[in-house]
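**Q** One structure, pasted below without further comment.
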Amino acid sequence: MQQSSNNEWTTVVDDECRFHILASARAAYENACSLIVDAKTLLDTQRFPRAGALAILAEEEYAKAFVLCICARDRRWDSVIFRSLTDHGAKQAISQGMLTYWQWLQTNLQRVAELNRFSFVGIQPAIFPSPQEWDKIVETARTSHLKNRKRDKIKQRFFYVGIGREGKVIHRPSTISDKVASECIDMATTFKAVTEIALTDQIPQFESIAI
Numbered sequence: 000m001q002q003s004s005n006n007e008w009t010t011v012v013d014d015e016c017r018f019h020i021l022a023s024a025r026a027a028y029e030n031a032c033s034l035i036v037d038a039k040t041l042l043d044t045q046r047f048p049r050a051g052a053l054a055i056l057a058e059e060e061y062a063k064a065f066v067l068c069i070c071a072r073d074r075r076w077d078s079v080i081f082r083s084l085t086d087h088g089a090k091q092a093i094s095q096g097m098l099t100y101w102q103w104l105q106t107n108l109q110r111v112a113e114l115n116r117f118s119f120v121g122i123q124p125a126i127f128p129s130p131q132e133w134d135k136i137v138e139t140a141r142t143s144h145l146k147n148r149k150r151d152k153i154k155q156r157f158f159y160v161g162i163g164r165e166g167k168v169i170h171r172p173s174t175i176s177d178k179v180a181s182e183c184i185d186m187a188t189t190f191k192a193v194t195e196i197a198l199t200d201q202i203p204q205f206e207s208i209a210i
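Heads up: the sequence shown begins at 0 in this note's numbering, then just goes up one per residue.
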């Protein structure tokens with residue numbers, strides 16, 4: 000490990016370090032899947048705010064797993080990445096970037112499929128954008144999240160009673176509907192699919208978890 004005086008550090012990612020990073024990615028993925036299972040159980044028992052909250056926590060764990068996969072792919076491990084893994088805001092920003100990536104992937108797969116209709120030799124579609132495209136996705140997601148913090152605000156509504164300036168209750172978690180909670184679970188399931196693409200790309204023997 001190389002460490003500077005201002006506590007910023009970077010580590011050379013050899014095969015052993017990469018192995019541990021991917022093992023951590025798998026652990027975060029497995030935990031996220033467990034959170035979705037628990038969220039569905041809470042949904043079935045009509046505990047809608049808690050179900051939605053766990054779904055958003057699952058999003059954050061999937062974001063952690065996704066970032067670790069990118070670190071393994073790029074062989075990068077440093078203090079900036081390490082801090083982002085414990086920052087809820089950073090993980091929520093990453094999750095928004097994952098949604099943009101998912102849209103990019105669907106568009107790219109459709110584009111390549113259309114091209115292959117008229118080609119004798121099929122084109123193998125890329126499953127990840129170029130570094131330049133990826134940097135743009137991340138920066139757009141980060142800027143948007145810092146401006147709106149939408150997911151964090153939703154999570155707060157799931158957990159806490161809201162108090163207005165007059166001291167009156169303006170929101171109760173008990174008012175969260177099954178529709179809102181179900182949408183959060185569906186969204187987390189999308190993050191699951193995105194994370195599985197990254198894990199499969201880095202771990203050939205990876206097997207997804209059915210939930």
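All C-beta atoms in this analysis are idealised placements derived from N, C-alpha and C, irrespective of residue type, glycine included.
Bear in mind the structure is a predicted one, so any value in this text is a computation, not a measurement.
With a CB to CB cut of under 7 angstroms and the five nearest residues on each side skipped, what residues in its chain are close to Asn115?
**A** Closer than 7 angstroms at the Cβ level, and outside the excluded window around Asn115, lie Gly121 and Ile122.
**Q** Taking 9 angstroms as the threshold (C-beta atoms), are Pro130 and Asn107 in contact?
**A** no
**Q** Considering only residues of the same chain and omitting the five flanking positions on each side of Ile196, which have a CB-CB separation below 8 angstroms?
**A** Once the five neighbours on either side are set aside, the close Cβ partners of Ile196 are Leu104 and Ile126.
**Q** DSSP three-state call for Ile169: helix, strand or coil?
**A** strand
**Q** Can you name the start and end residues of the alpha helix (DSSP H) that Thr194 belongs to?
**A** Asp177 to Gln201 is the extent of the alpha helix (DSSP H) around Thr194.
**Q** Looking at the unbroken beta strand (DSSP E) that takes in Thr10, where does it start and where does it end?
**A** Trp8 to Thr10
**Q** Report yes or no: do three or more beta-carbon pairs, one from the segment 29-37 and one from the segment 79-91, lie closer than 8 angstroms?
**A** no
**Q** Can you give the Cα-Cα distance for Pro124 and Gln201, rounded to whole angstroms?
**A** 17 angstroms
**Q** Going along the chain, which unbroken runs of the alpha helix (DSSP H) with 4 or more residues stay wholly within the segment 87-157?
**A** 87-115 and 130-147
**Q** Along the alpha helix (DSSP H) that carries Ser83, what are the first and last residues, could you check?
**A** Ser78 to Ser83
**Q** Return the CA-CA distance between Arg110 and Lys135, expressed in angstroms with no decimal places.
**A** If you take the alpha carbons of Arg110 and Lys135, they lie about 20 angstroms apart.
**Q** Gly161 bridges to which residues according to DSSP?
**A** Residue pairing from DSSP places Gly161 in a beta bridge opposite His170.
**Q** With distance defined between alpha-carbon atoms, name the residue in Lys149, Arg74 and Lys178 nearest to Val11.
**A** Arg74
**Q** With three or more C-beta pairs closer than 8 angstroms as the rule, is the segment 165-177 touching the segment 60-71?
**A** By the Cβ test, the segment 60-71 is not in contact with the segment 165-177, since fewer than three Cβ pairs between them sit closer than 8 angstroms.
**Q** Are the CB atoms of Ala209 and Ala38 nearer to each other than 9 angstroms?
**A** no
**Q** Look at the Cβ atom of Ala192, then the Cβ atom of Ala54, and state whether they are nearer than 9 angstroms.
**A** no
**Q** Could you pull the start and end residues of the alpha helix (DSSP H) that Glu15 belongs to?
**A** Asp14 to Asp43
**Q** Using 8 angstroms for Cβ pairs, my map puts Pro48 next to Phe117. What's the rounded Cβ distance?
**A** Contact doesn't hold; Cβ gap of about 51 angstroms is too wide.
**Q** Please name the residue, chosen from Gln102, Gln95 and Ile175, that lies closest to Gly51 on a Cα-to-Cα basis.
**A** Ile175
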